[in-house]
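Undergrad: My questions all concern the structure below.
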Amino acid sequence: MAGDNPEAQYIAGGTNLIDLMKRGVTSPAKLIDINHLPLRKIEHRNDRVRIGALALNSDVAEHRLIQTRQPLLAQALLAGASGQLRNMATVGGNLLQRTRCSYFYDLALPCNKRKPGSGCGAEEGINRTHAIFFAGNGFGGIEKSSCLAVHPSDMCVALTALETTVVVNGPDGERRVMMKDFHRLTTQQPELDTNLRPGELITAIEVEDNAFARHSHYLKVRDRASYAFALVSVAAALQIDGGKIWDARMALGGVAHKPWRYWAVDLMLRGQAPSEKLFREVAEHEMKSAKATEQNAFKIRLTSNAIVAALKLAAGIS
């Protein structure tokens with residue numbers, strides 16, 4: 001167990017960890033290969049889809065169970081990385097991938113996530129792709145413990161919208177963590193990405209059955225069409241019956257240090273007939289709390305438009 005050695009890390013596909021090791025960003029004293037563990041099964045159990053942590057991203061995206069019951073997850077996975085990387089990357093590794101902020105990767109530049117207390121290079125540097133939603137310190141009076149980096153995963157945005165449960169096992173046994181609580185916002189410890197405890201291993205994720213299969217959409221806006229991380233992404237899921245919306249979920253990517261759950265969307269949409277005007281009101285409501293850095297003010301309008309577009313595509317309206 002990694003709990004026996006705080007300098008050890010688990011490794012499966014290694015698509016992110018090996019890259020970080022090559023760059024010198026992380027140097028674990030020991031790697032524990034977990035590929036032999038029986039954690040690849042994708043199945044429907046009771047009232048939920050259970051996906052083993054070692055299931056490959058490509059296998060999950062192409063699995064009939066996912067495409068029919070949780071198509072939002074399939075769409076998000078297919079929007080991420082490249083086919084070659086999806087054939088290596090695992091679900092558990094995707095949950096744990098670290099930010100792609102250039103200040104995090106460049107050892108010559110300050111980065112609170114890599115070296116707490118050294119400063120955030122993006123605060124006064126190149127911050128075009130950085131966060132517009134914050135918690136704790138906020139922007140405008142950034143403390144040395146702050147970080148403006150955004151979370152890179154597409155899969156995690158969809159899982160957050162779907163209110164997924166992460167199953168972990170460690171020295172104290174098995175426990176379940178809701179996706180909304182799995183990743184951390186930057187308060188006083190930006191070097192910690194998740195709320196995993198020492199020695200814990202992700203064993204599965206569980207997505208409860210829902211009524212979103214017919215009306216969901218994952219929209220990813222990026223600088224180029226292939227193999228690029230999101231400037232902004234939107235996971236939108238609607239339950240529509242009788243011409244009205246009865247349930248709604250939404251999460252945003254590329255805008256915060258963790259997948260950003262838009263909690264008010266259900267209350268604003270419930271019982272309403274879908275329309276572009278309604279969706280615009282929903283988008284503008286959320287953007288009131290956004291704060292731009294020097295170079296990324298465009299993200300506020302971009303995010304608002306992406307929310308409207310994703311909701312229209314999910315609802316099937318032109």
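FYI, the numbering for the sequence shown is 1 to 318, going by full-length UniProt numbering. All residues carry an ideal CB built from backbone N, CA and C; glycine is no exception. Because the structure is a prediction, the values reported are computed rather than measured.
Under 8 Å between the Cβ atoms of alanine 310 and valine 234?
TA: In contact: alanine 310 and valine 234 (Cβ atoms closer than 8 Å).
Undergrad: Going along the chain, which residues of its own chain have a beta-carbon closer than 6 Å to the beta-carbon of glutamate 286, five neighbours each way excluded?
TA: Only Tyr262 meet the Cβ criterion.
Undergrad: Report the rounded CA-to-CA distance for alanine 290 versus serine 146, giving the unit in angstroms.
TA: Taking the straight line from one Cα to the other gives about 17 Å.
Undergrad: DSSP beta-bridge partners for residue 380?
TA: The shown model of the chain, from 1 to 318, leaves out residue 380, and the question about it has no answer.
Undergrad: By how many angstroms is the C-alpha of glutamate 123 removed from the C-alpha of leucine 73?
TA: One C-alpha to the other measures close to 33 Å.
Undergrad: For glutamine 239, which residues does DSSP report across the bridge?
TA: DSSP output for glutamine 239 lists Asp247 as bridge partner(s).
Undergrad: Between histidine 36 and glycine 92, what straight-line distance do the alpha-carbon atoms span, to the nearest angstrom?
TA: The alpha-carbon atoms of histidine 36 and glycine 92 are separated by roughly 14 Å.
Undergrad: Kindly indicate which residue of Ala228, Arg114, Asp47, Ala211 has the alpha-carbon position closest to the one of methionine 21.
TA: Closest by alpha carbon: Arg114.
Undergrad: From the DSSP output, in three-state form, read off valine 255 for me.
TA: Residue state, collapsed to three classes: coil.
Undergrad: Just confirm the distance between the C-beta atoms of residue 358 and valine 177, as a whole number of angstroms; I'd bet it's less than 8 Å.
TA: Coverage of the chain is limited to positions 1 through 318, which leaves residue 358 absent and any answer about it impossible.
Undergrad: Within the continuous alpha helix (DSSP H) that includes valine 25, where are the two ends?
TA: Counting along the chain, valine 25 falls outside any alpha helix (DSSP H), and DSSP gives it neither H nor E.
Undergrad: For the 8 Å Cβ check, are there 3 or more pairs between the region 212 to 219 and the region 174 to 193?
TA: Touching, no.
Undergrad: Looking at the unbroken beta strand (DSSP E) that takes in alanine 204, where does it start and where does it end?
TA: Run containing alanine 204: 201 to 208, per the beta strand (DSSP E) assignment.
Undergrad: Which of the three DSSP states, helix, strand or coil, is assigned to alanine 12?
TA: Three-state result, alanine 12: coil.
Undergrad: How about proline 198: is its C-beta nearer than 8 Å to some C-beta of chain D?
TA: This model lacks chain D altogether, as it is built from one protein chain only.
Undergrad: Taking all protein chains shown into account, do 16 or more other C-beta atoms lie within 10 angstroms of the C-beta of residue 325, making it buried, or fewer, making it exposed?
TA: Residue coverage of the chain in this structure runs from 1 to 318, which leaves residue 325 outside it and unanswerable.
Undergrad: Leaving aside the five residues before and after glutamate 7 along the sequence, list all residues of the same chain whose C-beta is less than 7 Å from its C-beta, in chain order.
TA: Answer for glutamate 7: Pro28, Ala29, Lys30, listed in chain order.
Undergrad: Would you call the CB atoms of alanine 264 and alanine 314 closer than 8 Å?
TA: Cβ distance not < 8 Å, so alanine 264 and alanine 314 don't count as in contact.
Undergrad: Leaving aside the five residues before and after aspartate 33 along the sequence, list all residues of the same chain whose C-beta is less than 7 Å from its C-beta, in chain order.
TA: Around aspartate 33: Ile11.
Undergrad: Just how far apart, CA to CA, sit leucine 95 and isoleucine 245?
TA: Going by the C-alpha atoms only, they are around 30 Å apart.
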